[in-house]
Structure formats: C-alpha cells, structure tokens
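Worksheet for the structure shown next.
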Amino acid sequence: MLNSSRGATLIELIVTIVIVSIALITLITLTSQSEGRSVDPMIHEQAVAVAQAYMEEVTQKSYCDPDVATDCATACTSSACGLATCTVAEGPANRDQFDDVCDYDGLSDSGAKDQDGNALSGLGSYNVNVQVVDSVFSLGPAGAPLSAASGAAVRIDVTVSHDALADDIRLTGFRTRY
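Start counting the sequence shown at 220; every next residue gets the next number (our numbering).
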C-alpha cells in the first residue's frame, strides 16, 4: 500500500495568494474611501454651528431700530418711523454697532467672525451671508397673519458656505415685533 501524503500544489498556492490579494486590495480601497469622506460630516456640522451662532446673534437684537426718533417700539411700521422696516443703508458700518435685526441685512463675512467683527480662529474658510427679508411672506393663522407688510415680522436667512461642502448650509428664522 502506498502511503499518500498530500500537500498543496503550486497552482493551489497561486490561486490562494490571488484571492487573498484581491480581498486585501478591496478592503484597503474601501477603508481609504471612508477615511477620505470622514471630514465631510465635521465640516458640515461646523457650518451648521456657525449658522446657528449668527442666527442667534441676529435674533437677539431689537426688532425696531432704537436710533429712530419716534417710538418705534410700539409702532414699527414704515408710516410710523418714516422708513421701511429694513433698509441696508440705515445700519451702522461696523458690526459691533449693530443694534437691530435689520442692520444685519446684507452682512457678508469672508471667514466666520464674532459679534465684534473679529475673525474666529480656525473658521476662516467658512463664508457667511445674512439676508433680512421684510416682504413677500406671512406667518400665523389665516384669520390674523403677521406679514412683513404690516411691519410685524421679518425673515432672517443665514447662509454658510465652505469649499468642501457640495451645498451651502442655510438656516431660516423669523423675528417678530413683540
């Protein structure tokens, strides 16, 4: 009787090496793709945080301009104050002097900044635009809406962009006269 001890043939070894190599290449490719994309959520969340910070800053300001001579706190309409609710030209030039919501209309920061206009460290690649809309919308119930035309509400749009984001981040909020 012949004692048959069998080992792996050369062809079996080559096939095994090829299969293991293909599996390793696939695994490395998938891992490198996921590592390359892992920064995107961080940039997205940071852009959302920047937009929220700007929105909070804007909505905490007075609805009516405290610099207008008439009592705009009780009658903040164009007829009472003699000017439109939001006019870009009426606001101060420096952000640290903004005292009402409408002063932020048209704000465009190249790089995120604090409320005093100072650049925030590490956020220089986030660009922020603020628009305060005082027309073409209404809020509230059908019988008694708050409309921009009545001078009772404004819509605030904060848009944050970053080169690594496919789409801009846009937050929309409303500020009412209360």
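Note that CB positions come from ideal geometry on N, CA and C, so glycine has one too.
Please say whether V379 and A270 have beta carbons closer to each other than 7 Å?
-> yes
Inter-residue spacing [alpha-carbon to alpha-carbon] between Y397 and S253 = 49 Å
Within 10 angstroms of the Cβ of M274, are there 16 or more other Cβ atoms? Answer buried if so, exposed if not.
-> buried
If you run the structure through DSSP and keep just helix, strand and coil, what is S344?
-> coil
Give the straight-line distance between the Cα atoms of D333 and I262, rounded to the nearest whole angstrom.
-> 19 Å
When you compare each of A312, I247, L384 to E264 by their alpha carbons, which one comes out closest?
-> L384
Helix, strand or coil: how does DSSP classify Q350 here?
-> strand
Taking just the CA atoms, how far does D259 sit from V352?
-> 31 Å
Across which residues does DSSP place G392 in a beta bridge pair?
-> I375
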